[in-house]
Structure formats: C-alpha cells, structure tokens
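Going letter by letter, the sequence shown gives residues 247 to 547 in this note's numbering. Glycine is no exception: its CB is placed at the ideal position from the N, C-alpha and C atoms. Since we're looking at a predicted model, the values are computed, not measured. Notes follow once the structure below has been shown.
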Amino acid sequence: MFNIRSWAHFLSFYIFYGLSRPLLLLPLRILFLFSDFLFLLAWYFPGYRKKIVLNNIQNAFPGKKASEVKRIARGYYRHMCDSLVESFAASRMNENELSERCTWKNTEILDQYFEKGKSIVAVFGHYGNWELLFSLPLHTRYKVLALYKPLNNVYFDNFMKNLRQRFGIKAVPLIRSYQVMLQHQMENIPSITFFLGDQRPVKEHIRYWTKFLNQDTPVMLGSEQIARRLNQVVVYFAINKVKRGYYEVEVVPVTEEPGETSEFEITEKHIRLLESQIIKKPEYWLWSHKRWKHKKTMEQI
C-alpha cells in the first residue's frame, strides 16, 4: 500500500526518468556539454559541499598553497560532473563501446587464478569512475559479485542494480556478502567480489586506525577479514583516467595467501595503493565525502 513517502519516491524517480530518457539518445560528446553546465552550478552556485572539499584537500596536503588547493578542487568538480554523465551514458552503451571506454590491464593475472580455482576479493577506492567496473564480466570467466548498500528509494535502487548487472554482475546487498560468497565457494563457482576500500566505518564498529593522506583515518576491515576467513586471493583495481571519457583499470596483486599475512597487513597494502594514486592525481578522488568525520578519542591514541 502506497503512503506519502512511497508516492514521493515513485514520483521523484519517474520525473527523473522522464526527463533523462531523451538524453540517453545523445552521444557522450554532447553530454559532456551538459557536464560543463553542471560544473558551473556545482562550483559557483553556491557550490556543492565546497567547504568540505577544500578542507579535505588542504588537510590531506598541508604543504600546498591555497591556489593549488583550489586548482585541485576545481579539477575534482569537473571530474565529478564528467563521472555523472559517463555513468549515465554507460547505461545504454553496447559491449564494444564500453570495452573501448574502459580497458583492463593485467587480466592475465585473473586468468591464472581462475585456472587454479581461486576466488578473489577485489578492492578499489572512490577514484576515477568506479561505476565502470561493471564491465569486468566482459573480460573474465569469473562470476562477478558487486556489494552494495540498498538505497531508500526502491525505484532508484532497482535502476542502479539493473545498470550494474547489465553485463553479468550479480549485485549483492552488503548485509548478505559473506553468505553469498561462501555459497559460491561451496558450489565451486570461482568469484570476484568488489569491495570499496575507502568507505567510512560506522563509529561504533571502528577497530583500526591508520594514517591516510596525512590524517588519522578509521578504515573498514571487511575485505581483509573475509579474504582471510575464506582464503581468497586479494587484488587491487587501480582505476586510471586516461582522458575525458576513457579509463584503464589495472589489476594489481595484493596477496595470494591471505592466511599467511599478519593482521591489518592486507588493509595497509590496499590503502597505500589508493593513497599513491591520489597523491599523483588528486582531482580524481571523492573529496566531497565526509571521510574524516570521526576523530580519535583519547583511548584510541
């Protein structure tokens, strides 16, 4: 039975869908003009989370001048708007166009693990355009699982799930991640499971802090814990922006024997890989996220 909230979710989605549908007919080069317009709105009128973005960049790079911080911030807003229209356009791309827009490097590493019957935990960050990772089934024999947190609006939630599952990915609610991964392992179905490695943990669940971008940062341990528990290989997906509208994903091995690593070693490895990417090209990371909302207490220092 529909209530007021359900009607609001229904109307908001179909207004969005009705307005956006004609845009899907436009080539990406035209959609980038729309991205340029969105950039002006996000940066100038009055600025989407601008204070958060500038503070995050300044704290991450304390040695940079205000002009350099502002340059990185502007680059981030341009990239954020590009990512939005790229993801939108990807919803109607065919296999050939998507494979051209998002290429994969070192996939022979995945082939080698597949031949050994090993499942994989794949970690990446909010860097580049991570939504394009849904193209992976076009380049591997693995069953690909993408963990996600369901959206409150069921219509938008179904839209995003359908987008991510177009080429064979199975979207799995985060709360069922271990159960589904274990099921695939027990049925001898080699799988690759996506884990975002730079999300902010719930305050009550913080178990580990590290230095990340010059700041004390709490990190989630789910990818490491599950990899060790199920003895799954861990790799890092380094998403690199080649140019506007084009990306390359490099498969970087982290460990083939997670059971032989020390506690937090896997987490530290993938965090450092992401950090090195951000330091090289900082404008492509998600600076508008309140990543450092939680602060260390006296007991944690």
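- Taking only the alpha-carbon atoms, compute the straight-line gap between Ser469 and Phe510 and give it to the nearest angstrom. Each residue's Cα considered, the two are about 11 Å apart.
- Item | For Cys348 and Tyr482, the rounded distance between their alpha carbons | The alpha-carbon separation between Tyr482 and Cys348 amounts to approximately 16 Å.
- Task: Assign Lys302 to one of three DSSP states: helix, strand, or coil.
- Result: Checking the sequence, you will find Asn at residue 302 rather than Lys. Under the three-state reduction of DSSP, Asn302 is assigned to helix.
- Query: When the Cα of Phe529 is compared with those of Ile276, Cys327 and Leu269, which residue comes out closest?
  - Reply: Before going on, a small fix: residue 529 reads as Glu here, not Phe. Comparing Cα-Cα distances from Glu529 to each of Ile276, Cys327 and Leu269, the minimum goes to Cys327.
- Starting from Asn486, follow its DSSP beta bridges and name the residues at the other end. Paired residue(s): Glu494.
- Contact belief for Leu467 with Glu521 at Cβ below 8 Å, rounded distance in angstroms: That pair is no contact at about 17 Å.
- Glu506, buried or exposed, once every other Cβ within 10 Å from all chains shown has been counted against 16: Burial call: exposed.
- Item | Three-way DSSP call (helix, strand, coil) for Thr353 in this model | Thr353 carries a helical assignment under DSSP once its states are collapsed to helix, strand and coil.
- Message: For a quick check, are the C-beta atoms of Lys416 and Ala392 less than 9 Å apart?
- Response: In contact: Lys416 and Ala392 (Cβ atoms closer than 9 Å).
- Message: I'd like the ranges of any beta strand (DSSP E) spanning at least 3 consecutive residues and lying wholly in the stretch 384-452.
- Response: Here the runs fully enclosed are 389-394, 416-419 and 437-442.
- Message: By the three-class DSSP mapping on this structure, what secondary structure does Pro528 have?
- Response: It is helical.
- Run the CB neighbour count on Ala312, radius 10 Å, all protein chains shown included, and call it buried at 16 or more, exposed below. The residue in question, Ala312, is exposed, as its Cβ has fewer than 16 Cβ neighbours within 10 Å.
- Excluding the five sequence neighbours on either side, which residues of its own chain have a C-beta within less than 6 Å of the C-beta of Glu377, listed in chain order? Ser333, listed in sequence order.
- Item | Nearest-angstrom Cα separation, counted from Val331 out to Pro464 | Each residue's CA atom was taken as its position, placing Pro464 and Val331 some 31 Å apart.
- Message: Using a Cβ-Cβ cutoff of less than 6 Å, which residues in the same chain neighbour Ile524 once the five nearest sequence positions on both sides are dropped?
- Response: Excluding residues within five positions, the ones whose Cβ falls inside 6 Å are Trp531.
- Task: Check whether the Cβ atoms of Val221 and Gln478 lie closer than 9 Å to each other.
- Result: One cannot answer for residue 221 here, as it falls past the ends of the chain, which runs 247 to 547.
- Taking Cβ positions, are Val448 and Val480 nearer each other than 9 Å? Not in contact: Val448 and Val480 (Cβ atoms no closer than 9 Å).
- Query: Would you report the Cα separation of Leu269 and Gln425, rounded to the nearest angstrom?
  - Reply: If I take the Cα positions, the gap works out to 39 Å.
- Message: Could you tell me the alpha carbon to alpha carbon distance between Glu354 and Ala306, rounded to whole angstroms?
- Response: Cα to Cα, Glu354 sits roughly 35 Å from Ala306.
- Task: Please confirm whether Glu341 and Leu384 have their CB atoms less than 9 Å apart.
- Result: One thing to note: Glu341 has its Cβ within 9 Å of the Cβ of Leu384.
- Rounded separation between Thr513 and Leu476 - CA only: About 16 Å.
- Pick from Trp289, Leu284 and Ile485: whose alpha carbon is nearest that of Ser381? Distances from the alpha-carbon of Ser381 to those of Trp289, Leu284 and Ile485 put Ile485 closest.
- Task: Answer yes or no: does any C-beta atom of chain B fall closer than 9 Å to that of Ala335?
- Result: In the structure shown, chain B cannot be found, because there is only a single protein chain.
- Query: Any idea what DSSP makes of Gly455, helix, strand or coil?
  - Reply: A small fix is needed here, since residue 455 is Trp in this sequence, not Gly. In the structure shown, Trp455 sits in a strand (DSSP, three-state: E or B).
- Mind checking whether Ser337 and Arg446 have CB atoms under 9 Å apart? A distance of 9 Å or more separates the beta carbons of Ser337 and Arg446.
- Could you tell me how far apart the beta carbons of Phe278 and Tyr323 are, in whole angstroms, since I believe they sit closer than 8 Å? Not a contact, Cβ separation roughly 14 Å.
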